[in-house]
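Structure, as structure tokens:
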Ligand code: ADE
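Numbering (this note's numbering), first residue to last: 7 to 274.
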């Protein structure tokens, strides 16, 4: 999979070489995602938007038409950056990619980024992320891009960040851990909270987990987990997942209750 990120803060993602490749630090360079990059399973490229600015000050923003606070990112700079990033990826792709790139624009005005969307992005061969700053990117950039490639505007939550970079780090991590071989143990996906991949905990938050020692600061590991009774353990884990979900995310329980296979008889 290829992932291009266009930003005015390339350093946010770690040390970036002249070819846009990231070094072994920062959110794309460490841990399992870093290893996937080193193996070549994921080809990360980070680009400085200012490289496509045409004036001496490398200006990327301007005042908004219609007035209002803040600045808006210029369409001409973004248009040239995206053209160039898409063309470069096309030229280096071998063999030619089966599907066009998908452009992902993180914005608080976007559709919610979910585990389901993460799984669909993990099946793409090329993602291009456009990180906005200030009041956002001139709306014609997304409108024009939609005429030639799939485009998603996505939000990682109901709060406003200073820019898209942190959202991209979140999205990339959620997507990359789903790629074959990145996590190692496929089971660790199917039991994820939100269990997009249909495990026993599908649609529920993960319950509590424990490891050695059995007693720590006077707190015991629940007996059932030491019992060796796999059915009893599975039932306990599901009950705990239900309890936690009902407390933290009652909306998820309501959604499961309306799904034919969401809750079983013993859950009620
Ligand atoms: N940019 C600023 N806030 C954001 C959010 N909540 N999600 C995605 N991108 C953003």
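All C-beta atoms, glycine included, are put in the ideal place defined by N, C-alpha and C.
Any non-hydrogen atom of the ligand ADE within 7 Å of residue i CB
| i | result |
| --- | --- |
| residue 169 | yes |
| residue 5 | Since the first and last residues shown for the chain are 7 and 274, residue 5 lies out of range. |
| residue 161 | yes |
| residue 165 | yes |
| residue 116 | yes |
| residue 13 | no |
| residue 113 | yes |
| residue 173 | yes |
Three-state class that DSSP yields for residue i in the structure shown
| i | result |
| --- | --- |
| residue 81 | helix |
| residue 159 | strand |
| residue 251 | helix |
| residue 178 | helix |
| residue 205 | Note that residue 205 scores 47 on pLDDT, short of 50, meaning its location in the model is unreliable and no value can be drawn from it. |
| residue 30 | coil |
| residue 231 | helix |
| residue 198 | coil |
| residue 244 | helix |
| residue 108 | strand |
| residue 171 | helix |
| residue 257 | helix |
| residue 25 | coil |
| residue 272 | helix |
| residue 11 | strand |
8 Å contact criterion, which residue i and residue j should meet: CB distance rounded
| i | j | result |
| --- | --- | --- |
| residue 78 | residue 86 | In fact, because the Cβ distance is near 16 Å, the residues do not count as touching under 8 Å. |
| residue 275 | residue 124 | What the structure shows of the chain is the stretch from 7 to 274, and residue 275 is not part of that stretch, so it cannot be assessed. |
| residue 230 | residue 242 | 5 Å |
| residue 28 | residue 52 | 6 Å |
- List in chain order: all unbroken beta strand (DSSP E) runs of 3+ residues lying wholly within the region 39 to 103. 49 to 54
- Message: At 4 residues or longer, what runs of the alpha helix (DSSP H) sit wholly inside the region 116 to 167?
- Response: 121 to 128, 146 to 152
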